[in-house]
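Residue numbers (this note's numbering): 6 to 325. Even for Gly, the Cβ is constructed at its ideal location relative to N, Cα and C. Below: the structure, in structure tokens.
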């Protein structure tokens with residue numbers, strides 16, 4: 006876990022090797038994170054605080070789903086520095102250069118693909134207003150809604166910032182600083198200019214049509230029922246679709262299948278239960294998550310997380 010009292014003069018780096026490290030994919034947010042790809046997890050996070058702005062950048066090396074509130078009382082501006090085709094917010098496509106606004110207390114959900122690179126700037130509304138005034142840009146933070154700008158950030162600005170934050174994650178932070186210059190300041194100024202020029206936003210929501218609607222309904226059902234004995238027919242009925250349409254929708258939106266998604270969701274719950282209470286047995290954690298066959302649970306858990314459930318429990322006790 007990163008130090009919440011960051012040194013203002015330097016970047017703090019975190020080489021993430023466990024999916025739960027992405028709770029700080031935006032520093033202090035406490036996000037829920039799920040990995041889609043089996044095996045050892047890899048990501049890089051970078052943090053810095055300066056002049057009332059907390060900057061978080063992430064480079065993710067596997068398919069990852071992040072969800073939660075970014076800040077209860079501050080606004081976050083986000084920029085997709087590299088968003089491979091298939092990346093999504095609220096299960097809707099986003100691309101490199103997408104500029105996002107996340108108001109205090111609003112729910113956020115993002116699906117990232119390998120190689121994704123982003124930066125988020127979290128600050129008070131007053132700080133953003135003051136920065137906009139200094140930049141001589143008319144931008145009223147009160148009028149911003151959770152969503153994304155209608156247009157992406159111009160390619161030239163995105164390419165420069167992408168290069169600089171990529172260097173940061175490669176360990177070359179010292180090469181990015183100049184007299185009165187820092188990559189996070191350049192990002193903030195670029196986003197202020199962009200939002201001031203193109204204030205029209207598309208609000209984000211989980212509503213949609215076709216495949217998006219089917220996947221959203223199915224995921225809601227799985228989230229509320231994964232601990233119970235449910236099968237593909239139950240999921241199809243809950244989503245209001247046929248089994249064929251359900252499979253096609255999951256393939257189109259998440260490059261996944263409904264049953265793989267369900268089983269992975271159960272395994273993540275086992276991990277969260279074990280991390281929250283090291284006293285619980287693996288069998289008990291499995292029963293709370295809809296997984297009653299201990300042998301199969303252990304095999305699938307190791308395949309996904311690169312360690313056994315017992316290893317996870319031992320890891321908790323080793324730091325107590």
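Item	Value
In chain order, what residues of the same chain have a beta carbon less than 6 Å from the beta carbon of residue 149, not counting five sequence neighbours either side?	106
Look up residue 122 in the DSSP assignment and give the residues it is bridged to.	64 and 87
Is it true that the CB of residue 111 sits closer than 8 Å to the CB of residue 60?	no
Short check: CB of residue 130 to CB of residue 147, under 8 Å?	yes
If you check the beta carbons only, do residue 85 and residue 103 fall under 8 Å apart?	yes
Whole-angstrom Cβ separation of residue 72 and residue 37, contact assumed at under 8 Å?	5 Å
Quick check: the Cα distance between residue 115 and residue 24, rounded to an integer number of angstroms?	15 Å
Taking just the CA atoms, how far does residue 258 sit from residue 133?	34 Å
Thinking C-alpha only, which one of 95, 16 and 35 is nearest residue 216?	95
Using a threshold of 8 Å, state whether the C-beta atoms of residue 278 and residue 296 are closer than that.	no
Scan the stretch 156-190 and note each continuous beta strand (DSSP E) run of 3 residues or more that stays entirely inside, going in chain order.	none
By the DSSP assignment, the beta strand (DSSP E) with residue 53 in it spans what residues?	48-55
Quick one: is residue 163 buried, meaning 16 or more other Cβ sit within 10 Å of its Cβ, or exposed?	buried
First and last residue of the beta strand (DSSP E) that includes residue 230?	First-last for residue 230: 215-230, but that is the alpha helix (DSSP H), not the beta strand (DSSP E).
Am I right that residue 31 and residue 125 are in contact with their C-beta atoms under 8 Å? What's the rounded C-beta distance?	5 Å
Use the C-beta contact count for residue 29: other C-beta atoms within 10 angstroms, 16 or more gives buried, fewer gives exposed.	buried
Taking 6 Å as the limit between beta carbons, can you name the residues of its chain near residue 195, skipping five residues before and five after?	162
Select from 100, 27, 181 and 154 the residue whose C-alpha is nearest the C-alpha of residue 63.	27
Quick one: what's got a C-beta closer than 8 Å to residue 21's C-beta in the same chain, skipping five residues either side?	27, 46, 47, 48, 49 and 50
Among the residues of its own chain, which have a CB less than 6 Å from the CB of residue 113, if the five just before and after it don't count?	75 and 107
Just checking my contact of residue 201 with residue 137 at CB under 8 Å: how many whole Å lie between their CB atoms?	7 Å
Considering only DSSP beta bridges, list what residue 98 is partnered with.	93
With respect to the alpha helix (DSSP H) encompassing residue 138, which residues constitute its N-terminal and C-terminal limits?	130-139
Along the chain, where does the beta strand (DSSP E) containing residue 19 start, and where does it finish?	17-21
Excluding the five sequence neighbours on either side, which residues of its own chain have a C-beta within less than 6 Å of the C-beta of residue 309, listed in chain order?	43 and 272
In whole angstroms, what separates the C-alpha of residue 324 from that of residue 317?	Any reading at residue 324 must be qualified, since the residue scores a pLDDT of 46, below 50, and its modelled position is unreliable; the value itself is stated next. Between residue 324 and residue 317, the C-alpha separation is close to 11 Å.
Find out if the Cβ-Cβ distance for the pair residue 79, residue 157 is shorter than 8 Å.	no
Name, in chain order, the residues that DSSP records as bridge partners for residue 107.	81
Is residue 235 helix, strand or coil when you go by DSSP?	coil
Alpha carbon to alpha carbon, how far is residue 53 from residue 17? Give it in angstroms, no decimals.	6 Å
So, is residue 284 buried or exposed, given that buried needs 16 or more other C-beta atoms within 10 angstroms?	exposed
Between the C-alpha atoms of residue 238 and residue 286, what's the straight-line distance to the nearest angstrom?	31 Å
Assuming residue 83 and residue 40 form a contact by the criterion Cβ under 8 Å, report the distance between their Cβ atoms to the nearest whole angstrom.	About 21 Å; that fails the 8 Å criterion.
Measure the C-alpha to C-alpha separation of residue 173 and residue 233 and round it to an integer number of angstroms.	44 Å
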